[in-house]
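J.: Below are the C-alpha cells for one structure; questions will follow.
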Amino acid sequence: MVARFIVEVFTDICFRAMELITILNRCHHFRGFVYHGARFTSDHKSIEISVRPRKRSAAICSRCHQPAPGYDQLPERRFEFIPLWGFFVFLLYAMRRVDCRHCGAVVVEEVPWGDGKRTLTRAYMLFLARWARRLSWKETAEAFRTSWEKVFDAVEHVVTWGLEHRILGQIDAIGVDEFQYAKGHKYLTLVYQIDIGITRLLWIGKERTIESFQGFFTAMGKDVISKIAFVCSDMWEPYLKLIRENCSEALHILDRFHIVANINKALDNVRAEETSRMKREGLAPVLKKSRWLLLRHSENLGVEQHFRLRDLLRYNLKTVRAYLLKEAFQQLWEYTSPAWAGKFLDEWCRQTMRSRIEPMKKIARSLRKHRELILNYFRAQKLLSSGVVEGLNNKAKVTMRKSYGFRTYRVLELALYHSLGKLPEPESTHDFF
Ligand SMILES: [Zn+2]
C-alpha cells in the first residue's frame, strides 16, 4: 500500500517535472547543455532543475570564449531563474574548469544562462530590470519576493551591457543640464541627445564641475563631438567654458527653459523677502499664498485666481514690479528675428536695471553678459524647443523618485541610464516579459 503510494507520487513528480523541462526547452534552451530533472525542495518553496553538459560537448573558456579541454568540475551552484506560480526556480549546475592552452591557465567555463559572478540567470536579470523600469525598485523586489539588492544587480547587469553595446552614431544636437539629486547642493551633469528623431540620455557626470563635464567629451570621442551642430545649455559657467572650447563650431544656445526658471527663482526670492519684511513691520499680509499666483503663467490662471491677482497688482510692492517684469519678458520668445529680439532684450535689461530690485537686476546683468548666446536661440530659428530638455528633466525627477532605496550616486546613475538612455538590451532566448 505504502509502496504503491510512493510509486504514484514519484510518477506524478516525474510527469510534472517532464512538463516543466519541455517548457524550458522551448524558451530557455542552450546548445551543449541539457535539463536533466526537476524537483521540489523539501520545504516546497522552490523548484530545482538540474542542468548537465551534453555528452562530448566541450566547455568554453570564459576568458577567450574558445572551446578548451576539461580540467575538473567545481561544486554544484544554484542560478536563480524566473519564479513560477509563486515558487522560486533554480538551475543547478556544476561548473567545469578548462585547461585553456590559448590563455595558458585553468579557467572556469562560460555558461550561456549566467555570468560567473552573479547568482541570477541572465533571463531573470532582464526580467527584473524590465519590471524595474515600470515599477519602483522596491515594488519590483516585493512583487517577485526578492531583495532590493538583487533588483539593483539586475539593473546594473542590463545597463552595463547596454552601455557597452550602444551605437552613438551621428549626434546633431545635445542639451546639457544640471540636476540636483540631494540636499546641500549635490548636482549631477546630464547630457542628452536632442535630435528631432531621437532624444536620449547620453552621459551622466558626478558633479557639475569642469573636471566632471570634461569627462563627457573624453567619453564621446573627438569624432562624435566634432559633428555636433547645436548645443543647448544653461548659464552655468563651467558648462559655457567647456562648450566654447570643445564645440567651437556648434551653435551654442542658452536654453529658454533655464532662463525662465532663473527669472521665476528671482521673483520668488523677492516675494519671500518682502513677505517677511511686511510681517516684521506688522503690515497686512497681502502676499500670503500668492506664490503660485505669481509664478504661474498668467494665461493659465482660473477666473478666481485672476481676480486675486488683479487685486494684488494694485499694491505698489517690489513683488508686483518684479512680477510685471517677469510677465513682460515672455514677449521675447515671440520674436523671430534675432535683431528685434536683441532690441527687446536690451530694453528689458535697461528697465530692469532701474527697478532697484536686486535679484531682478542680477538677472538683467547675467542676460546682458550672455546676450549673444540667448540670441542664438533665434539664429537657430527656434529649431530646438526648450520643451525637450524640460521634458527630459522631469522624467529624470520621476526616475529618481522611483529608484531610490538608498540615496547613492551609483543607484541614481543606473536608474537614469536605465529609464532615459534608450540602451539596447542583452539578447534573450525568449520574451519572458
Ligand atoms: Zn581561454
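Mapping of the sequence shown onto this note's numbering: position 152 corresponds to residue 866, and the numbering continues sequentially without gaps. Ideal Cβ positions, reconstructed from N, Cα and C, are used throughout, including at glycine.
Leaving aside the five residues before and after T854 along the sequence, list all residues of the same chain whose C-beta is less than 7 Å from its C-beta, in chain order.
T.: Here the set comprises L842, W845, A846, V865.
J.: Ignoring anything shorter than 4 residues, give me the alpha helix (DSSP H) runs that lie fully in the stretch 1034-1085, in order along the chain.
T.: Counting only runs of 4 or more, we get 1052-1067, 1072-1083.
J.: Within the 7 Å Cβ cut-off, does R1064 reach chain C?
T.: Absence of chain C from the displayed structure is noted, only one protein chain being present.
J.: Are there 16 or more other CB atoms within 10 angstroms of the CB of D1145, so buried, or fewer, so exposed?
T.: Exposed, by the Cβ-count rule.
J.: Only counting the same chain, and skipping five residues up and downstream in sequence, which positions put a Cβ closer than 8 Å to that of D867?
T.: Excluding residues within five positions, the ones whose Cβ falls inside 8 Å are R832, L834, M839.
J.: If you draw a straight line from the alpha carbon of N1090 to that of L968, how long is it in whole angstroms?
T.: Cα to Cα, the separation comes out at about 7 Å.
J.: Look at the alpha carbon of Q907 and the alpha carbon of R914, and state the distance between them as a whole number of angstroms.
T.: The straight-line gap from Cα to Cα measures roughly 5 Å.
J.: Going by beta carbon distance, what residues of the same chain come within less than 6 Å of V820, once the five residues before and after it are set aside?
T.: Y785, R811, D813.
J.: Considering only residues of the stretch 793-851, which uninterrupted alpha helix (DSSP H) runs meet the minimum length of 4 residues and lie entirely inside it, listed in chain order?
T.: Runs found: 836-848.
J.: Quick check on Y895: does DSSP put it in helix, strand or coil?
T.: If DSSP states are grouped into helix, strand and coil, Y895 belongs with the strands.
J.: How is V984 classed by DSSP in three states: helix, strand or coil?
T.: The answer is helix: DSSP assigns V984 an H, G or I state.
J.: What does R662 pair with, by DSSP beta-bridge criteria?
T.: Because the chain is modelled from 715 through 1147, residue 662 falls outside the range shown and cannot be assessed.
J.: My understanding is that A782 touches R815, with C-beta atoms under 8 Å, so please give their C-beta distance in whole angstroms.
T.: Indeed, because the Cβ distance is near 7 Å, the residues count as touching under 8 Å.
J.: To the nearest angstrom, how far is the alpha carbon of C775 from that of G828?
T.: Cα to Cα, the separation comes out at about 14 Å.
J.: Can you tell me whether C946 is buried or exposed? The criterion is at least 16 other CB atoms within 10 Å of its CB, across all chains shown.
T.: Its Cβ being crowded by 16 or more others within 10 Å, C946 is buried.
J.: Considering only heavy atoms of ligand 1, does any lie closer than 6 Å to the CB of R777?
T.: Within the cutoff, so yes.
J.: Does the distance from the CB of W917 to the CB of F930 come in under 7 Å?
T.: Contact: yes.
J.: Report the rounded CA-to-CA distance for A1055 versus V974, giving the unit in angstroms.
T.: Each residue's Cα considered, the two are about 16 Å apart.
J.: Assign H1011 to one of two classes, buried (16 or more other C-beta atoms within 10 Å of its C-beta) or exposed (fewer than that).
T.: Classification of H1011: exposed, given that the 10 Å Cβ count is below 16.
J.: At a cut-off of 6 Å, is H966 close to ligand 1 when judged by its beta-carbon and the heavy atoms of the ligand?
T.: No, ligand 1 has no heavy atom inside 6 Å of this Cβ.
J.: Tell me whether E988 is buried or exposed, calling it buried when 16 or more other Cβ atoms sit within 10 Å of its Cβ.
T.: E988 is buried by the Cβ-count criterion.
J.: Quick check on the DSSP output: the alpha helix (DSSP H) that includes F931 runs from which residue to which?
T.: Run containing F931: 924-934, per the alpha helix (DSSP H) assignment.
J.: Hey, would you say the C-beta of H816 is under 6 Å away from at least one heavy atom of ligand 1?
T.: Flag set: Cβ of H816 near ligand 1.
J.: In three-state DSSP terms, what is S764?
T.: In this structure, S764 counts as strand in the three-state DSSP scheme.
J.: For A772, which of Q787, R836, K1083, E1048 has the nearest alpha-carbon?
T.: Per the Cα distances, Q787.
J.: Buried or exposed: which applies to A1053, given that a residue is buried once 16 or more other Cβ atoms fall within 10 Å of its Cβ?
T.: Counting Cβ neighbours within 10 Å, A1053 comes out exposed, since fewer than 16 surround it.
J.: Grouping DSSP H, G and I as helix and E and B as strand, with all else coil, what is D937?
T.: It is helical.
J.: Between the Cα of A980 and those of E1127, S764, R1035, R753, spot the shortest distance and give me the residue it belongs to.
T.: Checked all of E1127, S764, R1035, R753; the closest Cα to A980 is R1035.
J.: Name the DSSP beta bridge partners of I774, please?
T.: Paired residue(s): P781.
J.: Is the Cβ-Cβ distance between L902 and Y895 less than 7 Å?
T.: Contact: yes.
J.: In terms of residues, what are the limits of the alpha helix (DSSP H) holding I957?
T.: Start and end: 951-960.
J.: State the CB to CB distance for the pair I763 and L798, rounded to an integer number of angstroms; the pair is presumed to be in contact (CB under 8 Å).
T.: I763 to L798, Cβ: 11 Å. No contact.
J.: In or out: G1101 buried (at least 16 other Cβ within 10 Å) or exposed?
T.: Exposed: under 16 other Cβ atoms inside 10 Å.
J.: Skipping 5 residues on each side, what residues in its chain have a beta carbon closer than 8 Å to that of C741?
T.: Correct list, in chain order: T1143, H1144, F1146.
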